[in-house]
Every structure is written in structure tokens, then in C-alpha cells.
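Asks:
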Amino acid sequence: MLSFENVTAGYGDTAIVRDVSLVVPPGEIVGLVGPNGAGKSTLLRAITGSADVHRGSLTLNGTSLANMNARDRARSVGVVPQSVEATFSFSAREFVLMGRHVRMTRFGTASAHDHDVVQEMLELTDTAYLADDPVDTLSGGDLQRLALAQALAQEPDVLLLDEATSHLDLNHRLQVLNLVRRLADEGKAVLAVFHDLDLAARYTDRLAVVHEGGIFSAGGPSDVLTPAMLRSVFGVRAVVGADPVTGSLSVTPVLREQDVPPESQGSVFIAAGGGAGSHLMGLLALEGFSVSAGVLNHGDMDREVAASLMVTRVDLTAYDTPPEEIRTQVLDMARKADARVVFAVPYGPANLANLEAAAAAEGPLVLVGTWSEELDFTHGEATKLWRSLQADSIQVTDARRALAAVRGLVHSEP
Amino acid sequence: MVDQSRARSVTVITALFAVLLVAIVAGVGLGAVSVGPTEVFAAIGRALSGESGPVSDAVIIDLRLPRVLLAALVGACLASAGVLYQAIFRNPLADPYILGVSSGAGLGAIIAIVSTTTATGLRYGLVPAGAFAGALATILVVVRLASRRGRLETTSLLLAGVAISYILAALTSFIMVLFRQSMASVVFWMMGGLTSASWRYVGMIAPMFVIGVVVPLLYTRQLNIMLLGDERASQLGIEVERFKRITLAFASLLVAAAVSVSGLIGFIGLMTPHIVRLILGPDHRLLLPASTLAGASIMVFADLLARTALAPIEVPVGIVTALLGGPFFIWLLVRREGVR
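Written out as C-alpha cells, the structure reads:
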């Protein structure tokens, strides 16, 4: 078990990470995520002795890592660095064999067993076909996998990955992470820095968010990867959803906090659903409009996007007609808005309230898309309302044109 | 595969030993009075068995042989020191001369020479000691100057080496002016000469060479790993700072051995490892012994050239190596620029 207890670490007298507590038990992959310069790599380097531990205790199975010499440490901890220096023409096999250094006697030579281990690691990392190639001719991705093979040749209990898949193509990224997952399941403790949040969510057991030199939050991926965290740590408004294939969390960044104009450009009410309004919500937020979206159902893509963009809305769990006070709330949103945008999407008893509110309010109106009877799940009510709206509105086909229309309508107002 | 590379190493080392033997026989045989290889072996045989031989034996045994062996030792010391510096600094441009270590050893040796006017026996111990102290102090200062936040940049390393060389050269000149009476011999020694070679010199630096090269030969695996960079080497289990200090101490011992008997001889430490690496690859298990042997041969040939090219005038061997090595260094620099 690798354990940080109130660790403050850095370089020389400068502390980069402060008061960090974190444990990595055998069998687990713990991911470190966070913005560049937050201190993720420094945490790894504190373990390997490349950064100085100023305060607190950093232990491996109860033994302080600070008191370990390089040789003992390398027997327990293997590292896959972000990039690998290979300016000398050793063969890939000799390169991986260097990982056996700590398992050989000081002046001894490689035994048959050492060569067997090297061969095994080459095969595990799918690099056996490179064995006789000089490493200075290989790509960054090949080198990264060879560095993993080299680290595994040390036969460590703990594996540290510093963005170990950054140079890998899609195929090898999955191959390496599946391998790491398997190694963890077989009992290795893995601490890995991730930049790709989706991969982090998919492969880690626990995540720690490193922000400004401290742990911002830690826990299971679904507890940690929240729109609120992404906003305060990464400065990004993002949608967090479940990946339909893997079932793990998927983070879609929508816009950067600093791209949102500080002054409001006006307000817009949107009647949409089923993901139809997502694009326009993003575009409007980026231009500095404050957006409201009436009622939205849980599980609706538009609701997730609205949540990440902090769009004013009422979340519904049922598909029935919402109660009177919610309908009033929605009407209030529509009335306060400088412009209304209504999408041709399926309307049922629940989101009919949005259409009603848009119709009841006054002022500039944009209709997006073409109406069809098939969109009406309200026995003609929605169709009637849409028709009534058509008279005094601008009709467009997509979100970009809707944005242009809104811009024109709002800014032409006195 | 493993046996194959071992067989290759054995072949290479054997071949290099053969080349060195040829160089030594040629070096001993050729000169103002030339003798054939058989005569060389015969004379050595007679000397070993204590038989009396012709007058030419004295030339061979007392003059040529110690000189050639000294040249071989000096070449071996400089080349192996070059390998060590290049490994520690991960820089093919590092060599004792360019890093200023030779100049430091030179200054240390000169201070020892001018400060010991008494028994020469004392001098023999003091000159190498002075050279060693000078070499070690210089490399520590150069590394300190060239480090920026724990990183050693190639450019700053070379600049620091050159700058320190200038300062040391100025100090050396200053000392020479102060001790004018011994200037001529010191100047000739400084230019890199083997003229005063004797068995006594051979006996003095042979142990320094053996110590200086045998210990690093035990650490060739670590030297290989150092090529991956300090941080990676540490992750793979090497106590990097300690390893560097030890290696630099042995390299400095080798430089001190060479400088204390032959003054400043440049470029052997740069050229030899580089050529050997180009041909044999970066593996120190082969690179270090092969460079040591190649450096010995190159130096013996260079000294032969220095003695015979303008006979009866003898050119200091340092001039020969600089004339050969200078253009080679420029070629290296240009080639590196081209690659970038």
C-alpha cells in the first residue's frame, strides 16, 4: 500500500503540492486528474525521489520512501514517464533489459531468467516484434510501450504512470490500459496521471482531483467527475454523461469559463428537448446570453447540457403535465426573456408547458425546424400552438441560423 | 542472440589488442634508426632473460619501449576518461580537454613542479597528485557553473569548460612567468610531449591507469543506464548523484595520470570514443574497453608520426593530435547542427 499522509513536496524550498493525503492499495488503479501545473507529476516524483518531501509521510507498506535508496525503491516502484529519452542506439531488448538492473547482482550479468522476463514483458506490451530495432529509430508510442515493458521488468509492486498513454494511438491506448487494469487486478497498486477524463473514468477505481497543489476532491469516478468540479478546477462548462457503450462516465467539454462574456447580452427562452436545443444553448452561452429552458426531463440530453451551462430550468422526473406552480414558473421565464426560441421537437404533456409559455409571452420569436403532426403527443394541442406562433415569427432551419436571428432581434431592440 | 553479441565483443577486443601490438612494434621499430619486428622481439627477449645484446638494444629497451608504452598508457587514459565524461554528461562533445579538466590537471601539475625543487622522488608523487587535485576541482567547478536548476545544458557545459580553460591557461602562464628559469621545459611539457618518457614514468602512471579503468569497467551496465537520463536512471535503481561523483573521480584520475607525464594532449578523449561508438554502438560493456585499446593505438601512431614526420625535428605529440582532432571536432559540430 502506497500512502501519502499530509505530504508537502516540491523542489528545493518551493512547495508544489501541500498537505496531500492519498492511499493506493494493491489491486487498485488510482487516477490523478487536474489542470496542467496542478502538481500531479510532482506527486509521482515525490514517490521516486525526484521531488523533495518537505513535510508529512510518504510510505510504501509502512516503510518511508524518503529513507529508501534508489535500488530498493526501484525494486518496489516502476515508472512509465510521459516521454522517453532514447538518443542512443540500444536495441529494444537491451532497453527493456535495463529494467532488470535492480534484480541483478551489482556486478553480475543477465541470467537466462532475466532474459525470459524481458521476453515476457515484450510480449505483454506487444513490442516483441520491435525487440531487435534500435530504440533511437522508434516512435514515441513504441518507446512508451517499451518504457512500460522496462518498468514491468523491474517486477515492482507499485506502478506509476505519468500520462503513459499520451503518445499512443487509439488501439495501443486501450491495449496498454487493459494490460494495466489486468496487472492491477492481479495485485499491483497503480497510481496514474490522466489527461483524458473519459479514460480515467473508465479505467480507474478511484480518482483524485489535483488542483493548485492540493487534492480538490477524491472518490469514485462518478462522485468526482461532476460539472461543478469541472467548472471550478478546469474552468470548463462540460456535460457529464454515461458513455452508451462502456457505461462509464463521459465528459464533453462545452465551453471555457473565460470565453463567456462577463456582461449579459440579453436573455433567451428556449423550448426544446431530446438534445435539439443543446447546440443553441452552447452557442448562446458562449455569446453571453443568459438562457432559460423551461421544464426538462431527467435523462434528456438538453437537460444535461443545460445543467452544465447553468441554464435556468425546472427538472422533471415524470412525463405528466407538471403542476400549476411549475407552469407559472415557466411562464415567468418566457416573459422575462428578451427573445423566445421554439424548436420543432416532440411535445407531450410535460414539455407542452414550454410551448404554452412561449405562446403566452410577448416579444421576438424564432421557430427552428419544420412542424409535423408526428411531433404532437398532445392530441392536437401542440399543433394548434405551433400554428399560432408561425404568424409573427422568424423561421429558421438550424441552431446557427437561430443564433443569428436572436442576435438580430435582441440587438435591434431599443 | 546473447552469445552472438558476446562472440562479437571477444572478436572486437582481440582485434584491437592485435592492432595495439602492431602499433607498439611499429613504434619501437621505427625512428632515426629503424629495426625490424623480429629484432624488436629479440631485443625484448634478451632484456627479459638478462642476456647481453648489441648496442641497439639500449635504444630499444631504454628509449623507445618506455616511450611507446607511455604513449599507449596516455592514449588509453584519455580515451577511457572521454568515454566516462561522455556517458555522465550524455554528450558526445565532452572530453577532458574541452571540459577544461586537462587544463586543471595541468595547472595542478605545474604548481607541483615549481614548488618541488628538492628530491625528484617527491616530485613523482606530487605531480600526479597535483594533477588529480586540479582535474577534480575543475570538473566540479565546470559542472556547478553549467547547471541550471539541476539540468546540464550542452552549450553551457562547453562554454563553462572553455571559459575555465582560459582562466586556467592564464594562471598557468602567470606561474610560468614567475618561474622563468624552468619555463622552456614546462612549455614543451605543456604542448603535450612524451620526450622525457622513461620507465619511471611508465611505472608511475600504470597503477593510476589500472585503478582508473578497472573500476568503471565493473560499472558498464550502470553507465549504459545513465544514457537514459538522470531521472530515468534513478527510477531504474541507480543512485545517480553518487554514481556521477564516483565516475567523475575515476575519470579525473585517468586525466591526471595522462597530464602528469605528457602535458596537454587534446582530442584523443573526444575522437576515440566517438569513432568507436559510431562503429560498435553505445554499449559500454564493449565501448569502454574498445575505446581504451583504440586510444592506446591511436596515441602510439600519433607519437610515431610526431617523431618521424619532420625528423630530426620532433613535434610535440599534442600538436599532431590537435591537427587531426580539431577538424574532426568541427565536423562533429557541423554534423550536429545539420541533424537538428
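Here the protein sequences line up with chains A and F, keeping their order.
The numbering of the first sequence is my numbering, which starts it at -13 and goes up by one.
The numbering of the second sequence is my numbering, which starts it at 238 and goes up by one.
Glycine included, every Cβ here is placed at the ideal spot set by N, Cα and C.
Quantities reported herein were computed from a predicted structural model and do not represent experimental measurements.
So with CB distances below 7 Å, who are the chain F contacts of Phe74 (chain A)?
Replies: Leu464 and Pro519
Asks: With a threshold of 7 Å on Cβ separation, who are the neighbours of Met536 (chain F) within its own chain once the five nearest residues in sequence on each side are excluded?
Replies: Ala308, Ala309, Val311, Gly312 and Ile505
Asks: Looking at Pro207 (chain A): is its Cβ nearer than 8 Å to the Cβ of Ala186 (chain A)?
Replies: Yes; because the gap between Cβ atoms is below 8 Å, this pair is in contact.
Asks: Flag Gln418 (chain F) as yes if its beta-carbon sits less than 8 Å from any beta-carbon of chain A, otherwise no.
Replies: no
Asks: Any C-beta of chain A within less than 7 Å: which residues of the segment 312 to 340 of chain F qualify?
Replies: none
Asks: So which residues on chain A does Leu455 (chain F) lean against when the C-beta distance must stay under 7 Å?
Replies: Within chain A, Phe93 have C-beta atoms less than 7 Å from the C-beta of Leu455 (chain F), given in sequence order.
Asks: Can you find a C-beta in chain F that's less than 8 Å from the C-beta of Gly35 (chain A)?
Replies: yes
Asks: Can you find the residues in the same chain that come closer than 6 Å, C-beta to C-beta, to Arg522 (chain F), ignoring five residues on each side of it along the sequence?
Replies: In the same chain as Arg522 (chain F), and ignoring 5 residues on each side of it, the C-beta atoms closer than 6 Å to its own belong to Thr457, in chain order.
Asks: Closer than 6 Å by C-beta to Ala117 (chain A): which residues in its own chain qualify, once you throw out the five before and the five after it? Chain order, please.
Replies: Ala78, Arg79 and Leu108
Asks: What residues of chain A sit near Ser471 (chain F), judged by a beta carbon separation below 7 Å?
Replies: Thr34, Gly35, Ser36 and Ala56
Asks: Determine whether the Cβ of Val88 (chain A) lies closer than 8 Å to any Cβ atom of chain F.
Replies: With 8 Å as the cut-off, Val88 (chain A) counts as an interface residue toward chain F.
Asks: For the putative contact between Val262 (chain F) and Leu302 (chain F), defined by C-beta atoms under 8 Å, what is the C-beta separation to the nearest angstrom?
Replies: Actually they are not in contact, since the Cβ atoms of Val262 (chain F) and Leu302 (chain F) sit about 10 Å apart, beyond 8 Å.
Asks: Using C-beta distances below 6 Å, list every residue in its chain close to Ala372 (chain F), excluding the 5 sequence neighbours before and after it, in chain order.
Replies: Val338, Gly341, Ala342, Ser489, Val492 and Ala493
Asks: Applying the 10 Å Cβ sphere with the 16-neighbour rule, what's the burial state of Glu360 (chain A)?
Replies: exposed
Asks: So, does the CB of Gly285 (chain A) fall closer than 8 Å to a CB anywhere in chain F?
Replies: no
Asks: Just tell me which of A:Leu193, A:Asp191 and A:Asp324 has its CA closest to the CA of Phe275 (chain A).
Replies: A:Asp324
Asks: Spell out whether any CB of chain F is found under 8 Å from the CB atom of Gly173 (chain A).
Replies: no
Asks: Roughly how many angstroms separate the alpha carbons of Phe74 (chain A) and Leu517 (chain F), rounded to a whole number?
Replies: 12 Å
Asks: For the candidate residues A:Glu342, A:Asn22 and A:Leu389, whose alpha-carbon lies nearest to that of Gly268 (chain A)?
Replies: Ranking A:Glu342, A:Asn22 and A:Leu389 by Cα distance to Gly268 (chain A) puts A:Leu389 first.
Asks: What residues from chain A crowd round Arg458 (chain F), counting only those whose CB sits closer than 7 Å?
Replies: His87
Asks: List the residues of chain F that Ala60 (chain A) touches, going by C-beta distances under 7 Å, in chain order.
Replies: When 7 Å is used as the limit between beta carbons, Ala60 (chain A) is near these residues of chain F: Gln472, Leu473 and Gly474, in chain order.
Asks: At the level of alpha carbons, what is the spacing between Arg168 (chain A) and Leu515 (chain F)?
Replies: 42 Å
Asks: Which residue wins for smallest C-alpha separation from Thr123 (chain A), given the options A:Val9, A:Phe81, A:Arg92 and A:Gln105?
Replies: A:Phe81
Asks: Going by alpha carbons, who is nearest to Phe416 (chain F) out of F:Ala486, F:Ile348, F:Gly268 and F:Phe487?
Replies: Per the Cα distances, F:Ile348.
Asks: Does Phe(-10) (chain A) come out as helix, strand or coil in the three-state DSSP assignment?
Replies: Correct three-state label for Phe(-10) (chain A): strand.
Asks: May I have a chain-ordered list of the alpha helix (DSSP H) segments no shorter than 4 residues that lie completely inside the segment 100 to 141 of chain A?
Replies: 126 to 139
Asks: Under 8 Å, do Gln468 (chain A) and Val196 (chain A) count as touching if we go by C-beta distance?
Replies: Given that chain A is displayed from residue -13 to residue 400, the structure contains no residue 468 (chain A) and the question cannot be resolved.
Asks: Please give the ranges of any alpha helix (DSSP H) in the segment 270 to 340 of chain F, keeping only runs that are unbroken, at least 4 residues long and fully inside the region.
Replies: 274 to 286 and 302 to 325
Asks: For a test of the three-state rule: what should DSSP assign to Phe93 (chain A), helix, strand or coil?
Replies: Of the three classes helix, strand and coil, the one that applies to Phe93 (chain A) here is coil, per DSSP.
Asks: How should Trp357 (chain A) be labelled, buried or exposed, when 16 other C-beta atoms within 10 angstroms of its C-beta is the threshold for buried?
Replies: buried
Asks: By a C-beta neighbour count over all protein chains shown, 10 Å radius and 16 as the cutoff for buried, is Asn337 (chain A) buried or exposed?
Replies: buried
Asks: Mind listing the chain A neighbours of Glu468 (chain F)? Cutoff is C-beta to C-beta under 7 Å, in chain order.
Replies: Ser36
Asks: Leaving out five residues on either side along the sequence, give the residues of the same chain with a beta carbon under 7 Å from the beta carbon of Arg217 (chain A).
Replies: Cβ neighbours of Arg217 (chain A) beyond the five flanking positions: Arg223 and Glu243.
Asks: Does Met84 (chain A) have its Cβ less than 8 Å from a Cβ in chain F?
Replies: yes
Asks: Check Val441 (chain A) in the structure and name its three-state DSSP category.
Replies: The structure shown does not extend to residue 441 (chain A), since chain A is modelled only from -13 through 400, so no value can be given for it.
Asks: When the Cα of Leu163 (chain A) is compared with those of A:Thr151, A:Lys174, A:Gly173 and A:Glu172, which residue comes out closest?
Replies: When only C-alpha atoms are compared, the closest one is A:Thr151.
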